[in-house]
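Engineer:
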Amino acid sequence: MVGPTASDVRPTMTVKIFSAGVAACAADVITFPLDTAKVRLQIQGECQTSKAIRYKGVLGTITTLAKTEGPMKLYSGLPAGLQRQISFASLRIGLYDTVQEFFSTGKETTASLGSKIAAGLTTGGVAVFIGQPTEVVKVRLQAQSHLHGLKPRYTGTYHAYRIIATTEGLTGLWKGTTPNLTRNVIINCTELVTYDLMKAALVKNKLLADDLPCHFVSALSAGFCTTVLSSPVDVVKTRFVNSPPGQYTSVPNCAMTMLTKEGPLAFFKGFVPSFLRLGSWNVIMFVCFEQLKRELMKSGPTVDCAT
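Quick note: the sequence shown uses UniProt numbering, first residue 1, plus one each step.
Take a look at the structure:
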């Protein structure tokens, strides 16, 4: 009797978590300058001094940062970013299928939209609480500048963890959990559910086979839908997480301050780099994720078959 091929064997939960973490880290390394540009554009407007540098557009922001603060500034906060993907993306993406099955009433049938959304909400929420300290450190390192005599608050990743914990308490490392939870629940649901539905539709209607082109189109669609829905919450999250103690009394106060001082469009600052970042991140992550799962199952399809 012929044994099952790699494509016939379902990836185990361990394989999914590992593949998601590796794929997310690869996507982060490649797209990190876009994320840094997004953060700088999102916090633009907080500093109203005449010396403040004005960033224009994605490429303009990246070019200006490289010229004024050095090319390596585009990767400031990368270690925290990779720590974030290992603790966050590996769980929210790697556990999605398993949690989706848990919410499905009939596991032998196709999961319903409700089960997919519930799985996205659950894995996204749990992952945020675990990975929030890495998000706080990443954003602050990306946002800080040494120009105009400003002394950086932090000299590195672990210094940032220590200073935040000692000056703001352990709760400081979980600052902005509420907006980040909202943002990532939206992102996780939209990203994973859109990708899942798009891939299934393309394969079911025989428009594309379950291979790289299908994964590419599905991931790009997921990136666009996710950016549209998450941008307002993402801007508020970035502003609040980066703010020094006392600048905003609460997340709603941060949002209201933005609205009154800068208008509704402030909630979509950095939209283009957000889409470039999320779109390219999704494409790289999902393509790598799918291929890595297949390669790992080829190398040992009979090992650890429990899901």
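For every residue, glycine included, the Cβ atom is placed at its ideal position computed from N, Cα and C.
Could you have a look at A209 and say whether DSSP puts it in helix, strand or coil?
Structural biologist: DSSP, reduced to helix, strand and coil, places A209 outside both helices and strands of the structure shown, so it counts as coil.
Engineer: Is the distance from the Cβ of L82 to the Cβ of V136 below 8 angstroms?
Structural biologist: no
Engineer: Give a yes or no on contact between the segment 228-236 and the segment 181-188, applying the rule of three or more CB pairs nearer than 8 angstroms.
Structural biologist: yes
Engineer: In whole angstroms, what is the alpha-carbon distance linking T168 and S115?
Structural biologist: Correcting the residue identity first, residue 168 is Glu in this sequence and not Thr. The straight-line gap from Cα to Cα measures roughly 39 angstroms.
Engineer: Given S76, which residues of its chain have a CB within under 8 angstroms of its CB, disregarding the five upstream and five downstream residues?
Structural biologist: T36, L141, Q142 and Q144
Engineer: What residues in its chain sit with their C-beta under 7 angstroms from that of Q85, if we drop five residues either side in the sequence?
Structural biologist: G21, A24, C25 and D28
Engineer: Would L91 and V126 qualify as a contact pair, given that the criterion is a beta-carbon distance under 8 angstroms?
Structural biologist: yes
Engineer: For a quick check, are the C-beta atoms of G223 and K38 less than 8 angstroms apart?
Structural biologist: no
Engineer: Whole angstroms are fine: how far does the CA of T63 sit from the CA of Y154?
Structural biologist: 23 angstroms
Engineer: What three-state label does DSSP hand S50 in the structure shown?
Structural biologist: Note that S50 has pLDDT 44, beneath the 50 cutoff, so the model's placement of it is unreliable and no number is given.
Engineer: For residue 361, collect the residues of the same chain with a Cβ closer than 6 angstroms to its Cβ; drop the 5 residues on either side in sequence, then sort them by chain order.
Structural biologist: The requested residue 361 does not occur in the structure, where the chain is confined to residues 1 to 307.
Engineer: Using the C-alpha atoms, what's the distance from A118 back to F103?
Structural biologist: In this structure, the straight-line span from the alpha carbon of F103 to that of A118 is close to 7 angstroms.
Engineer: Check whether chain C comes within 8 angstroms of R140, counting only Cβ atoms and requiring the distance to be less than that.
Structural biologist: As a matter of chain content, chain C is missing from the structure shown, which is built from one protein chain.
Engineer: Mapping the DSSP letters down to three states, classify residue 317 as helix, strand or coil.
Structural biologist: With the chain running from 1 to 307 in the structure shown, residue 317 is simply not present.
Engineer: How many Å lie between T177 and T257 at the Cα?
Structural biologist: 19 angstroms
Engineer: Between the alpha carbons of L95 and F240, how many angstroms are there, rounded?
Structural biologist: 29 angstroms
Engineer: Quick check on DSSP: helix, strand or coil for L121?
Structural biologist: helix
Engineer: Output needed for Q100: all residues of its chain with C-beta closer than 7 angstroms, excluding positions within five of it in sequence on either side, in chain order.
Structural biologist: A111, S115, K116 and A119
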